[in-house]
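Residue numbers (our numbering): 3 to 230.
Here a beta-carbon is modelled for each residue, glycine too, at the ideal position from N, C-alpha and C.
Here the structure is a predicted model, which means the values were calculated and not measured.
Scroll down for the structure; my scribbles are underneath it.
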């Protein structure tokens with residue numbers, strides 16, 4: 003039985019990488035609807051050289067210009083849960099609610115490493131394997147416990163479409179499985195990281211939060227969860 007739970011909300015069916023203006027407006031909406039609270043003291047995490055601190059305090063307002071900085075092509079925005087924030091999952095745990103809401107934007111596909119997320123085919127049509135690992139002897143990656151998949155093949159310049167393959171996703175609470183196109187791959191997504199959570203197979207993103215994200219981007223999203 004794990005002690006931490008993580009749940010992702012990612013675009014359904016095909017590659018999706020929103021621009022900085024759209025991401026900044028999403029953050030503003032999340033603040034307005036109290037999914038994020040200014041007093042949360044959020045921070046950004048970016049990939050840096052090993053031994054360096056990849057964290058930086060978030061500015062008072064997330065703007066497209068701030069997101070467009072060259073060193074934020076790949077960034078993880080984190081807001082620790084505080085009482086002023088709405089609970090982001092559909093079922094709250096008894097007692098303390100310990101969670102963080104994150105927004106991920108990636109230059110290459112991120113693929114969470116978990117026994118609940120099955121392997122996805124990552125071979126390009128030319129035969130090149132596009133999966134890679136961040137070398138933690140050299141780098142402190144923004145996205146922990148994950149591998150990467152190159153969005154474009156360096157050998158033949160083809161754009162890789164992870165949604166042409168499928169992977170098995172397993173519900174950590176009842177063992178039920180689903181074959182999903184693209185598995186857990188994403189270039190953009192929301193993540194809820196919990197240290198206290200309801201061990202219920204129905205656990206999902208709060209309907210209002212998922213609906214806000216889908217309405218903002220005008221497209222369907224899907225979700226999955228892992229326990230560790």
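| query | result |
| --- | --- |
| Per-residue burial, residue 203 [other beta carbons within 10 Å of its own, 16 or more giving buried] | exposed |
| Sub-8 angstroms separation of residue 1 and residue 49 beta-carbons | Lying before the first or after the last residue shown, residue 1 is absent from the chain, which here runs from 3 to 230. |
| Outcome for residue 40 when other beta-carbon atoms lying within 10 angstroms are tallied against a minimum of 16 | exposed |
| Presumed contact (8 angstroms Cβ cut-off) between residue 169 and residue 120, rounded CB distance | 4 angstroms |
| Boundaries of the beta strand (DSSP E) in which residue 112 is found, first to last residue | 101-114 |
| Residue 79 versus residue 217: straight-line alpha-carbon distance, rounded | 21 angstroms |
| Range covered by the alpha helix (DSSP H) that runs through residue 30 | 22-34 |
| Contact belief for residue 207 with residue 90 at Cβ below 8 angstroms, rounded distance in angstroms | 7 angstroms |
| Residue 161, buried or exposed, once every other Cβ within 10 Å from all chains shown has been counted against 16 | exposed |
| The segment 126-145 in contact with the segment 53-72 per 3-pair CB rule at 8 angstroms | yes |
| Residue range of the unbroken alpha helix (DSSP H) whose run includes residue 215 | 209-219 |
| Residue 197 beta carbon less than 8 angstroms from that of residue 100 | yes |
| Counterpart residues of residue 227 in DSSP-defined beta bridges | 9 |
| Whole-angstrom distance between residue 181 and residue 123, CA atom to CA atom | 13 angstroms |
| Contact under 8 angstroms by Cβ, residue 60 with residue 46 | yes |
| Simplified DSSP state of residue 205, which is helix, strand or coil | coil |
| Inter-residue Cα distance where the pair is residue 76 and residue 112 | 10 angstroms |
| Pair within 8 angstroms by beta-carbon distance, residue 192 and residue 105 | yes |
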